[in-house]
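In terms of our numbering, the sequence shown opens at residue 85 and continues consecutively. Built from N, CA and C at the ideal position, the CB exists for glycine as well. Remarks on the structure that follows.
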Amino acid sequence: MQIDPTQYIRQIIRNVPDWPKPGVTFRDITPVLQDPRSFRVLIDLFVYRYMGQKLDLVAGVDARGFIVGSVLAYELNLGFVPVRKKGKLPFNTVAEEYSLEYGNASVEMHTDSVRPGQRVLLIDDLIATGGTLLAAARLLQRLGANVVEAAAIIDLPELGGSKAVTDSGLSVYTVCS
Ligand code: PRP
Ligand code: ADE
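And the structure:
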């Protein structure tokens, strides 16, 4: 079977109107994960992009960035570190606040999750305003990491997030919009 990987994934992503609040169309990736073919196609797209690149760690953002990030780290033979929502990590943490398409939040990392100079791929499921990835990148940079790229499955370019992340000096890769 011949498939265009990006199209294949795009058509499986589910748009949920007015969730979590009126006016927001939530891009739900759970069908992509549920379908074994699209899950594999998705991970393989990231593997093809990053295999052979000089990387030390994958940092995945709570919560869906954990799913793709941990599988990708395993496939690339890299370690995985979580960027968690506030109050979930048990050890010493650093935190960064940010604003979302629908509210405010903060993310945290363990202070020992990255060593200075380590080359880190940052990954999440989606870029909307870019606030989450920018906050995660700031955390990683405070810990001395070199953020090689910020990656996501979906870009919502109309919300300006990928441009904001690029404007901050980071390289951005997304599978589809
Ligand atoms: C979603 C998504 C990203 C973030 C993107 O997570 O998974 O992490 O929003 O938005 P931004 O580009 O405007 O920062 P959400 O904050 O809804 O949390 P969840 O993972 O707990 O669902
Ligand atoms: N995070 C912020 N906006 C979102 C959206 N429209 N769909 C999924 N996650 C999001």
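Query raised in the report: Distance, Cα to Cα, alanine 248 vs asparagine 161?
Result: Taking the straight line joining both Cα atoms gives about 30 Å.
**Report entry** Stretch pair the segment 187-205 + the segment 120-127: three plus CB contacts closer than 8 Å
**Finding:** Segments in contact, no.
Query raised in the report: Any idea if glycine 207 is buried or exposed, counting beta-carbon neighbours within 10 angstroms, 16 or more meaning buried?
Result: Reading off the sequence, residue 207 comes out as isoleucine, not glycine. Around the C-beta of isoleucine 207, 16 or more other C-beta atoms lie within 10 Å, and the residue is accordingly described as buried.
Query - Where threonine 114 falls, given that 16 or more other Cβ within 10 Å makes a residue buried - result: If you draw a 10 Å sphere on the C-beta of threonine 114, you find fewer than 16 other C-beta atoms in it, and that means exposed.
Requested in this report: Using three-state DSSP, classify proline 166 as helix, strand or coil.
Outcome: Strand at proline 166.
Query raised in the report: Are there 16 or more other CB atoms within 10 angstroms of the CB of tyrosine 132, so buried, or fewer, so exposed?
Result: Under the 10 Å beta carbon count, tyrosine 132 is surrounded by fewer than 16 other beta carbons and is classified as exposed.
Query raised in the report: Listed by chain order, which residues have C-beta atoms less than 7 Å from any heavy atom of the ligand PRP?
Result: Residues with a Cβ closer than 7 Å to any heavy atom of the ligand PRP, in chain order: Val145, Asp146, Ala147, Arg148, Gly149, Lys169, Tyr182, Leu184, Glu185, Ala189, Asp208, Asp209, Leu210, Ile211, Ala212, Thr213, Gly214, Gly215, Thr216, Leu217, Leu243, Gly245.
Query raised in the report: How do the segment 139-146 and the segment 192-206 stand: do at least 3 beta-carbon pairs fall below 8 Å, yes or no?
Result: With a cut-off of 8 Å, the segment 192-206 and the segment 139-146 count as touching, because enough Cβ pairs lie within range.
Requested in this report: Return yes when at least one heavy atom of the ligand ADE lies under 7 Å from the C-beta of valine 256, else no.
Outcome: No, the beta carbon of valine 256 sits no closer than 7 Å to any heavy atom of the ligand ADE.
Query raised in the report: Does the ligand ADE have even one heavy atom less than 7 Å from the beta-carbon of valine 110?
Result: The question names valine, but residue 110 in the sequence shown is phenylalanine. Within the cutoff, so yes.
Query raised in the report: Relative to the ligand ADE, is the shortest distance from any of its heavy atoms to the C-beta of leucine 240 smaller than 7 Å?
Result: Yes, since a heavy atom of the ligand ADE falls inside the 7 Å radius drawn around the Cβ of leucine 240.
Query raised in the report: If you draw a straight line from the alpha carbon of alanine 220 to that of valine 108, how long is it in whole angstroms?
Result: Taking the straight line joining both Cα atoms gives about 23 Å.
Query raised in the report: Would the beta-carbon of glutamine 202 fall within 8 Å of that of asparagine 176?
Result: Between glutamine 202 and asparagine 176, the gap from beta carbon to beta carbon reaches 8 Å or more.
Query raised in the report: In chain order, what residues of the same chain have a beta carbon less than 6 Å from the beta carbon of glycine 163, not counting five sequence neighbours either side?
Result: Same-chain partners within the cutoff: Leu141.
Query raised in the report: Is DSSP giving asparagine 147 helix, strand or coil here?
Result: It is alanine, not asparagine, that sits at residue 147 in the sequence shown. Reduced to three states, the DSSP call for alanine 147 is coil.
Query raised in the report: To the nearest whole angstrom, what separates the beta carbons of leucine 223 and valine 167, a pair I think is in contact under 8 Å?
Result: About 7 Å; that satisfies the 8 Å criterion.
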